[in-house]
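For the sequence shown, the working numbering gives the first residue as 50, with consecutive numbering after it. Here a beta-carbon is modelled for each residue, glycine too, at the ideal position from N, C-alpha and C. Bear in mind that the values here come from a model prediction, so they are computed numbers and not experimental data.
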Amino acid sequence: MSFLQVVKDGQVVSMDKKALFDTERYDYLSAVTYVASPRYFFEATQGFSSVHLILGIEDRENHQSFTDGLYKLASQDERAKFWNSLDLPTKEKMRKGQYSVRFSSDKPIHSKIYLLSHSQTEETRLIMGSANFTPHGFGEGNQFEDVMVFDNDPLYAVYKKRFDKIQEETIDYIPDFIKKEKKPEEILLVDPDLKTNWTIQEMTELRDKKIAIPEETWEALQNRPQELDKEKKEAQDRIQLLKLVIQKDSKNKTIKPATVKMLQKRRNKITATVTTKYQDNEGLDNRQPVLFDPGTSQLYVKTEPEEGETEPRLIPYSKPATKEEIHHQLSLIHQFIDAYQRFTVEKEVENQKRIFEAILYGLTSPWMWKIRDHYATMEGSNSARSDFPAFLILAGMPRQGKTAVIEFLGMMMGCDPHYRWYTDFKSEVHLRSFFESEWIMPLLIDEIPDRFFTGKRGEELIKHVSNQMFNKHPCMIGTTNSTKFHSSPQNIRRIYYLQINNTFPEENLAESRRYLTRVQSELNASLFKDVTYRMGQKIKNDEPFYTLDDPLSATRQIFLDYYNKVGLEVPPYFPYHRFSDYKERQRNTWRNLYRQFSEHFQLIDGEEDKMVINIHDFPGTKTDLQQKVNLLPVECIADNQDLLIVWTDRFFNFIGMKKPKLSLLRRITLGIKGSLIKQ
């Protein structure tokens, strides 16, 4: 059996690498492919008079591939070693431009294209398929690969054009000034001036091309050390499991599955190896031990082994509710939300919508890890999972019913106690350990302080959960009494923020508590279990269970189906879409600042597309001013080094105001180093 299948002229043919890359018939090769070693590639293709290689990414299921370009930029040693490893004839061909190696610094290239031609006969060959130009890629190993060959076919011109377009997005793997360098190899590897010039020259070239590296890619690169540690641990765990389920055949020098008898004997060790080693920290975990079963896509509760048994039992948690149960539990949700109009100062439906939205998020939260995982797989990038927030924060002043929301959710989910206070946890590091559990019920936490959102530890936790939690994990639903809630732009995009603005006045507190106690006394988990059952069915049947702009879309539809099924009218406070409360807060803050202090917003003379904001002339402490800067979207900021400079059009679009006539805006002149010149 051939591991490499070659299809030519619609037929399977027998062709090895030498026949495919026929140097007697063709003298010119252009390739887009991943190569394990550029040196191997050029040694294998040395029969061609001209060879041009564009480096592609390796076939890996993680977003490291998307950071390879950036990584290569900072890997001068690796690239210098490659150059030094080439023989003199190959180096000379690279100096003359007959050979070249290029790569993309900001866009992953997964194409596999091989273009062969002859300078005299004008014969052409296009090879494309799954095979990379590696020792295993073209039939030299036990790896299944498929390629198609097109000789003198119009498709050659199509893919030659494609190659040229990709090449425009790349830079030279070995810069020209390195190719011309005559220093000995050992000096080339350690010369600090040469390496510094190399770095500066490439950065200048990238800036001239106006290449912008997405923030997500930069973060993915920063996360690489942690990912490597995680991969190492996972590899050790898999090796440990494999040792238990295989046996060596010394006679044939092979590995084969263990016998049934041996597997049964090792059953307890296998169970201990595959079971998540999560231990409750000091009894603080008030959640039910609910786990996801990939076989049924339903949720199960893990219970302690019964007497005489050694293994825990899994009892189904997800199950359909009766029509009567759905009707009654929906009515209780309505009564709960009605309290936010009946006993509060403001009688706004918009505030009630946010309460309902928080409940919908809570009911969706056991599936948020699955939504994030599915989206990251579809995008081919682990960092993409941060587009769906694993944190819901209810913000507002005291006595606005935020705690009642998480208490209500805790009762629906069978938590005992219904929620935890942030002060129960020793630190953000302590809290982080709860996210390592495969228990997927949310963490419900009350009164989260400002420092969690502004401090280093809190930011690290939010980033870790958002970017690096690849397996099953819980969400966090919390409240904060901060009236000046803010965080860095990197954190904010990982948080779903709901602003609660309606106050329960002192005179209504006693009556509202009695009312809520009565509602809560009839509340149970039947509706929540039904929601998880229906979500599981959607996943099992490969139906959409979220949309790109709304992770709660499936839960919203489930509720609309409920109303139709039980004959209840959809309440006016039902939220049909997600909210953008933090963006509104950003917009309102800066709109008001512009209205109050318009004289501190000045066009840069000669660069009217930019505007200086004299932020230090605004009232407030240094911390207050930094909070205001954090409320500016990053896409509005042109520079924030010595001065706060924004893009004029983007700023006015952001605050929702018409840009004034340029003649009405004050102007300012900048010095060479960005300092202000007095007018």
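| Item | Value |
| --- | --- |
| If you check the beta carbons only, do K300 and W418 fall under 8 angstroms apart? | no |
| Taking all protein chains shown into account, decide if M177 is buried (16 or more other Cβ within 10 angstroms of its Cβ) or exposed. | buried |
| Please work out which residues of its chain come closer than 7 angstroms, Cβ to Cβ, to P338, disregarding the five sequence neighbours upstream and downstream, and give them in chain order. | V350, K351 and W488 |
| Between I375 and I404, is the Cβ-Cβ spacing less than 8 angstroms? | no |
| On a CA-only basis, which of Y625, F623, V84 and Q586 is nearest S346? Give me that one, please. | Q586 |
| Using only alpha-carbon positions, find the residue among S570, D610, V394 and F519 that is nearest to E556. | V394 |
| List in chain order: all unbroken beta strand (DSSP E) runs of 3+ residues lying wholly within the segment 514 to 562. | 525 to 529 and 544 to 548 |
| Along the chain, which unbroken stretches of the alpha helix (DSSP H) at least 4 residues long are found entirely within the segment 659 to 686? | 671 to 679 |
| Can you tell me which of the three DSSP states L493 falls into? | strand |
| For the alpha helix (DSSP H) containing I176, list its first residue and its last residue. | Taken as a continuous stretch (DSSP letters only), I176 belongs to no alpha helix (DSSP H), being part of the beta strand (DSSP E) at T173 to G178. |
| Note down the Cα distance separating H112 from V568, rounded to an integer number of angstroms. | Confidence is the limiting factor: at H112 the pLDDT is only 39, short of 50, which leaves the residue's position unreliable, though a coordinate-based value still follows. Near 47 angstroms, if we compare the C-alpha coordinates of V568 and H112. |
| Can you grab the Cα-Cα spacing for the pair E571 / L409, in whole Å? | 19 angstroms |
| Tell me whether F115 sits in a helix, a strand or coil according to DSSP, three-state version. | Any reading at F115 must be qualified, since the residue scores a pLDDT of 40, below 50, and its modelled position is unreliable; no value is offered. |
| Would you mind working out which of Q635, F457 and P620 sits nearest N573, comparing C-alpha positions? | F457 |
| Based on Cα-Cα distance, which residue from T308, G450 and I103 lies nearest to D159? | Checking the sequence, you will find His at residue 159 rather than Asp. Closest option to H159, Cα to Cα, is I103. |
| Any heavy atom of the ligand SAH closer than 7 angstroms to the beta-carbon of N530? | This structure does not include the ligand SAH; it has no bound ligands of any sort. |
| In chain order, what residues of the same chain lie with their CB nearer than 6 angstroms to the CB of L680, ignoring the 5 residues before and after it? | Q635 and T638 |
| In the segment 614 to 649, which residue ranges form an unbroken alpha helix (DSSP H) of at least 4 residues, counting only runs that do not cross its ends? | 630 to 645 |
| Tell me whether V62 is buried or exposed, calling it buried when 16 or more other Cβ atoms sit within 10 Å of its Cβ. | exposed |
| For the pair the segment 501 to 510 and the segment 645 to 655, tell me if three or more CB-CB distances fall below 8 angstroms. | no |
| Give me whichever residues DSSP pairs with L363 in a beta bridge. | K351 |
| Going by DSSP in three states, F91 sits in which element: helix, strand or coil? | helix |
| If you draw a straight line from the alpha carbon of K259 to that of N550, how long is it in whole angstroms? | Interpretation of K259 is limited by its pLDDT of 49, a score under 50 that renders its predicted location unreliable; the figure taken from the coordinates is listed afterwards. If you take the alpha carbons of K259 and N550, they lie about 44 angstroms apart. |
| Do L165 and Y75 have their beta-carbon atoms positioned less than 8 angstroms apart in this structure? | yes |
| Can you give the beta carbon distance from K161 to V81, rounded, assuming they're within the 8 angstroms contact cut? | 7 angstroms |
| Tell me the DSSP secondary structure of A129 in three-state form. | helix |
| Touching or not, the segment 656 to 663 and the segment 692 to 700, by the rule of three or more beta carbon pairs under 8 angstroms? | yes |
| Near K209, what residues of its chain come up, given a Cβ to Cβ distance below 7 angstroms and the 5 sequence neighbours on each side ignored? | L164 |
| For N702, count neighbouring C-beta atoms within 10 Å of its own C-beta (all shown protein chains included) and say buried if the count is 16 or more, exposed if not. | exposed |
| What are the start and end residues of the alpha helix (DSSP H) that includes V454? | K451 to M461 |
| What is the rounded straight-line gap between the Cα of Y148 and the Cα of S486? | 52 angstroms |
| Should S647 go down as buried or exposed, given a rule of 16 or more other Cβ atoms within 10 Å for buried? | exposed |
| According to DSSP, is D221 part of a helix, a strand, or is it coil? | strand |
| How many Å lie between Q169 and D136 at the Cα? | 28 angstroms |
| What residue does the beta strand (DSSP E) around F752 start on, and which one ends it? | Missing from the structure shown is residue 752; the chain here goes from 50 to 728 and no further. |
| Would you call the segment 526 to 544 and the segment 492 to 506 in contact, with 3 or more CB pairs under 8 angstroms? | yes |
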